[in-house]
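Protein chains in written order, with my numbering: chain A, 3 to 444; chain B, 3 to 444. Built from N, CA and C at the ideal position, the CB exists for glycine as well. Please read all numbers here as calculations on a predicted model, not as lab measurements. Scroll down for the structure; my scribbles are underneath it.
Number of protein chains: 2
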Amino acid sequence: MSKPTPISGFPEWTPAQRMIEQFVLDRIRATFELYGFAPLETRAVEPLDQLLRKGETSKEVYVIRRLHEEPGATAGDDSLGLHFDLTVPFARYVLENAGKLQFPFRRYQIQKVWRGERPQEGRYREFVQADIDIVDRDTLAAHHEAEMPLVIGDALRSLPIPPVTIQVNNRKICEGFYRGIGLTDPEATLRAVDKLDKIGPAKVADLLAETAGASPAQAKACLALAEISAPDASFADAVHALGVTDPLLEEGIAELVAVVQTAAAHSPGLCVADLRIARGLDYYTGTVYETQLAGYERFGSICSGGRYDNLASAGAVSYPGVGISIGVTRLLGLLFGAGELSVSRSVPTCVLVAVANEEQRTASNRVAEALRRQGVPTEVSPSAAKFGKQIRYAERRGIPYVWFPGAEGAADEVKDIRSGTQVEAVAGQWTPPAADRTPLVG
Amino acid sequence: MSKPTPISGFPEWTPAQRMIEQFVLDRIRATFELYGFAPLETRAVEPLDQLLRKGETSKEVYVIRRLHEEPGATAGDDSLGLHFDLTVPFARYVLENAGKLQFPFRRYQIQKVWRGERPQEGRYREFVQADIDIVDRDTLAAHHEAEMPLVIGDALRSLPIPPVTIQVNNRKICEGFYRGIGLTDPEATLRAVDKLDKIGPAKVADLLAETAGASPAQAKACLALAEISAPDASFADAVHALGVTDPLLEEGIAELVAVVQTAAAHSPGLCVADLRIARGLDYYTGTVYETQLAGYERFGSICSGGRYDNLASAGAVSYPGVGISIGVTRLLGLLFGAGELSVSRSVPTCVLVAVANEEQRTASNRVAEALRRQGVPTEVSPSAAKFGKQIRYAERRGIPYVWFPGAEGAADEVKDIRSGTQVEAVAGQWTPPAADRTPLVG
């Protein structure tokens with residue numbers, strides 16, 4: 003068999019990187035649970051018609067079929083695709099299980115998703131997302147929109163990564179403002195403003211004229227709104243200074259003030275009201291979130307979401323929600339690429355028990371059992387080679403301790419192979435310093 | 003939108019069941035790490051030719067393609083399939099990364115796999131496996147085969163499930179024995195013997211005559227071998243009593259004796275030598291493992307594997323390995339189906355902080371922050387409804403405590419809503435009993 007090669011867009015971490023990823027996922031999960039979000043996992047596949055409801059993303063969907071589909075089979079499998087996010091499956095899950103769920107329903111979901119996009123740095127075809135959402139029946143209180151940044155702030159700041167800033171806006175501000183200045187197509191307007199970072203204000207003004215029928219004055223007002231950014235409620239004054247009035251605009255301002263103030267009370271500097279944040283053409287109807295990682299801004303948001311009122315409804319009942327999603331693979335890919343995250347060893351093992359000769363393997367196994375009962379990750383040496391070679395086995399993997407079972411009644415000894423210190427020890431009593439017990443990520 | 007319905011073979015647990023699954027996966031992972039296995043995750047897709055190397059399983063593979071594949075695109079995506087186990091991807095990963103890995107390489111891998119089989123109880127199209135493997139370069143010491151049952155025994159016995167028995171056999175025993183009695187097609191013989199549980203000894207004898215050219219005496223000898231079962235090394239005497247001699251048979255007996263004795267020293271009763279265990283037509287060349295869950299034997303093995311010498315090789319270098327895989331979804335599906343596993347609440351939340359009125363939400367948020375800093379999973383009440391209604395919110399989810407922030411300088415109070423006991427408490431100092439902190443699984 004010839005040597006296999008990687009598949010573009012489908013990243014695979016080394017075991018050491020996977021240890022870092024698990025550390026990151028454990029911390030994120032712990033924070034989500036600390037806020038009372040219940041875990042959920044949905045199947046990897048959805049009916050294709052569900053996946054295509056959003057329209058725009060259809061080109062990204064992977065369809066699956068059984069290799070040997072029976073000729074007379076129903077369309078069942080043919081119409082399944084891999085999910086491209088966790089929000090669409092969650093909305094489907096809520097509708098399917100509404101009778102069994104308690105509302106408001108708070109859930110987190112950490113899973114892989116797949117998109118057939120062109121791979122590039124920070125963009126993958128298979129990647130992990132970590133989502134939280136709160137969904138209620140009929141109405142969802144706006145204070146849930148203020149809670150999202152607290153959770154995400156705590157989750158991301160529990161990680162050994164650069165500082166993050168969560169940028170928030172509110173769709174009602176944009177739509178109310180556009181309506182207030184007489185523009186009738188808020189979606190086209192948003193779509194144009196969303197390109198600000200990519201094409202600059204002059205071209206956005208042209209686009210506004212072209213696609214949203216904006217006059218030069220209207221385009222100028224839209225751009226002025228998008229330029230507003232403040233770390234506190236003062237953004238509201240800046241909006242009011244533009245002299246536009248509209249009830250939806252005022253509703254949006256009040257909601258965004260609450261989000262910014264709640265975040266500031268929790269952790270100053272975490273949130274910034276940034277009125278250019280639009281989140282494309284998505285299904286958002288209230289607060290929207292994006293997140294910048296300091297030093298990696300050019301790769302875009304690492305954590306995004308917003309409020310959606312119309313994603314799930316059955317008959318007269320609707321399930322408005324708010325959610326946010328951490329792009330875990332993007333985050334790790336960027337930091338791994340920059341050599342920014344490391345782990346103190348490439349295996350979980352803290353102690354390698356040496357084997358004097360194969361006849362003594364049982365004695366070494368007994369030592370290992372005693373160490374494991376103390377919660378110390380332990381391997382028994384795979385060979386009874388010279389001790390120097392067994393020590394090198396540990397060294398190459400970063401295992402900090404080698405244990406030598408005592409021969410013929412002599413005491414056991416344990417050697418810290420970093421310092422060379424070797425001391426007598428009793429398996430079942432000895433434990434390593436806390437910092438050595440599990441690999442350190444930093 | 004009409005109510006969505008489940009897709010057969012793609013199970014989805016409730017949040018409470020998912021908490022149980024996470025508990026189970028955490029315990030399994032902790033045991034794997036305690037034995038020094040490093041984590042690995044491979045992409046969900048493999049080139050189709052890799053997946054079809056085993057031949058027999060080709061009908062089960064799911065192929066993926068991009069919905070809007072460009073007409074002129076290369077075959078890239080067309081020839082990808084979802085992996086149906088974690089062993090084939092692991093063998094591929096080892097070949098691809100051999101230069102970067104330290105051998106023997108011990109890894110665990112816990113992921114979903116997909117098979118297009120007909121769904122039935124205990125069989126799914128999407129399910130989670132938890133695998134460990136040890137792979138070395140050129141040769142792999144036999145003592146690694148004796149280590150597998152220790153790890154699996156510890157992992158499964160850390161779970162609140164019925165007792166398990168690991169059945170072990172060794173391919174060398176079968177092949178050596180068949181050769182020793184003059185049968186020349188060991189694969190056909192194994193295939194026939196493997197049907198013993200399904201079709202009984204008389205029909206197996208017919209099949210042996212038909213497909214392996216066995217005489218009545220040879221068929222009888224094969225059946226006599228398959229009937230041997232012992233919890234200790236005495237199986238070897240029973241084999242020898244059949245009067246067959248062959249060097250490969252003796253090698254297999256010695257290896258299986260070591261496996262059984264190592265397991266007995268670690269935990270008596272865990273392992274049984276059972277010479278009918280064949281593991282079908284797979285790639286195994288030494289020890290093979292199956293695992294019975296007491297009371298669920300009719301659903302088959304919940305944890306299987308074996309030694310394989312020829313799964314991965316590149317040029318003159320081969321990578322023999324031994325591995326075993328826990329069928330986590332099958333295990334959980336059976337126990338959930340029997341109502342055997344439960345969790346003490348349906349959310350991680352330990353404390354619900356009441357909200358007296360919306361103006362006081364900030365004060366309740368502050369209490370929640372102080373509780374979370376103590377590691378206590380906490381939610382703030384979603385509404386400032388009457389306290390009775392807020393208590394019912396907690397009750398319905400099994401949240402054990404409701405916290406009442408004190409009004410106007412009065413002390414806060416916390417109520418255990420199970421007992422009704424309400425006491426004064428200070429957020430940041432109060433902590434719940436350890437048993438209440440996280441949901442209990444049992």
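### Query
Which term fits Asp-156 of chain B, buried or exposed, when burial requires 16 or more other beta carbons within 10 angstroms of its beta carbon?
buried
### Query
Between the segment 107-118 of chain A and chain B, which residues of the former have CB atoms less than 8 Å from a CB of the latter, in chain order?
Arg-108, Arg-109, Lys-114, Trp-116, Gly-118
#### Entry: Assumed close pair Asp-248 of chain B, Gly-178 of chain B - CB separation to whole angstroms, cut-off 8 Å
Their Cβ separation, rounded to whole angstroms, is 4 Å, which keeps Asp-248 of chain B and Gly-178 of chain B in contact under 8 Å.
#### Entry: Contact set between Val-47 of chain B and chain A, taken where Cβ atoms lie within less than 8 Å
Ile-9, Phe-12, Glu-128
### Message
So for Gly-78 of chain A, helix, strand or coil by DSSP?
### Response
Because Gly-78 of chain A carries a pLDDT of 47, less than 50, the predicted location of this residue cannot be relied on, and the following value inherits that uncertainty. Residue state, collapsed to three classes: helix.
### Query
Under the three-state reduction of DSSP, which class applies to Phe-105 of chain A: helix, strand or coil?
Under the three-state reduction of DSSP, Phe-105 of chain A is assigned to coil, being neither helix nor strand.
### Query
Gln-294 of chain B: buried (16+ other C-beta within 10 angstroms of its C-beta) or exposed?
buried
### Query
Hey, would you say Ala-46 of chain A sits closer than 8 Å to Leu-84 of chain A, going by beta carbons?
yes
#### Entry: Neighbourhood of Lys-30 of chain A by C-beta, 6 Å cutoff - its chain only, sequence neighbours within 5 removed
Here residue 30 of chain A turns out to be Ile, not Lys, going by the sequence shown. Within the same chain, Ile-30 of chain A has close Cβ partners Ala-132, Ala-157.
### Query
Which first and last residues belong to the beta strand (DSSP E) in which Leu-295 of chain A is found?
Going by DSSP, Leu-295 of chain A is part of the beta strand (DSSP E) stretching over 289-295.
#### Entry: Span separating the alpha-carbon of Ile-201 of chain B from that of Ala-275 of chain B
22 Å
### Query
Name the DSSP beta bridge partners of Ala-132 of chain A, please?
DSSP, once it has assigned bridges, lists A:Ile-112, A:Ile-328 as partnering Ala-132 of chain A.
### Message
Please list the terminal residues of the continuous beta strand (DSSP E) segment that includes Leu-277 of chain A.
### Response
Element bounds for Leu-277 of chain A: n/a, residue is neither H nor E.
### Message
Using the Cβ count rule (16 or more neighbours within 10 Å means buried), how would you classify Leu-442 of chain B?
### Response
exposed
### Query
Ala-77 of chain A CB to nearest chain B CB: under 8 Å?
The pLDDT assigned to Ala-77 of chain A is 47, lower than 50, so where the model puts this residue is not dependable; a value taken from the coordinates is nonetheless given after this. No, Ala-77 of chain A does not count as interfacial toward chain B.
### Query
Around the C-beta of Asp-79 of chain A, are 16 or more other C-beta atoms found within 10 angstroms, so that it is buried, or is it exposed?
Bear in mind that the predicted position of Asp-79 of chain A carries a pLDDT of just 44, short of 50, making it too unreliable to give a figure here.
### Query
What is the DSSP secondary structure of Asn-367 of chain A, counted as helix, strand or coil?
helix
### Message
8 Å is my cut-off, CB to CB: does Gln-131 of chain B come that close to chain A?
### Response
no
### Task
Determine contact between the segment 253-273 of chain B and the segment 143-156 of chain B, defined as no fewer than three beta-carbon pairs at a distance below 8 Å.
yes
### Query
Should Ile-326 of chain B be listed as close to the ligand SAH, given that the test is whether its C-beta is under 7 Å from any heavy atom?
You won't find the ligand SAH in this model; it holds no ligand whatsoever.
### Message
For the beta strand (DSSP E) containing Asp-414 of chain A, name the first residue and the last one.
### Response
414-418
### Query
When the distance is taken between beta carbons, is Arg-398 of chain A closer than 8 Å to Pro-41 of chain B?
In this structure, Arg-398 of chain A does not lie closer than 8 Å to Pro-41 of chain B by Cβ.
### Query
So, does the CB of Arg-374 of chain B fall closer than 8 Å to a CB anywhere in chain A?
yes
### Task
Taking C-beta pairs closer than 8 Å, name the residues in chain A that Gly-308 of chain B reaches, listed in chain order.
Ordered by position in chain A, no residue passes the 8 Å Cβ test against Gly-308 of chain B, which lies about 19 Å from the chain.
#### Entry: Buried versus exposed, by CB contacts within 10 Å (16 or more), Val-425 of chain A
A residue is called buried when at least 16 other Cβ atoms come within 10 angstroms of its Cβ; Val-425 of chain A does not meet this threshold and is exposed.
### Query
If you draw a straight line from the alpha carbon of Ile-136 of chain B to that of Glu-229 of chain A, how long is it in whole angstroms?
58 Å
### Query
Is Glu-14 of chain B helix, strand or coil when you go by DSSP?
coil
#### Entry: Assigned exposure category for Gln-111 of chain A - 16 Cβ within 10 Å defines buried
buried
#### Entry: Simplified DSSP state of Gln-431 of chain B, which is helix, strand or coil
Looking at Gln-431 of chain B - three-state DSSP - the assignment turns out to be coil, as it is neither helix nor strand.
### Query
Hey, is Pro-17 of chain A's beta-carbon within less than 8 Å of any beta-carbon in chain B?
Look at Pro-17 of chain A: its C-beta is under 8 Å from a C-beta on chain B.
### Query
What residues from chain A crowd round Val-150 of chain B, counting only those whose CB sits closer than 8 Å?
Just to set this straight, residue 150 of chain B is Met in the shown sequence, not Val. By Cβ distance, chain A contributes nothing, its closest Cβ being about 13 Å from Met-150 of chain B, past 8 Å.
### Query
Could one say the Cβ of Glu-43 of chain A lies closer than 8 Å to chain B's Cβ atoms, at least one of them?
yes
#### Entry: Whether Glu-257 of chain B touches Ala-144 of chain B by CB criterion (8 Å)
yes
### Task
Using three-state DSSP, classify Ile-201 of chain B as helix, strand or coil.
helix
### Task
Determine, using beta carbons only, whether Ile-201 of chain A comes closer than 8 Å to chain B.
no
### Query
Name the chain B residues that come within less than 7 Å of Gly-38 of chain A, Cβ to Cβ?
Val-349, Pro-350, Thr-351, Pro-379, Thr-380, Glu-381
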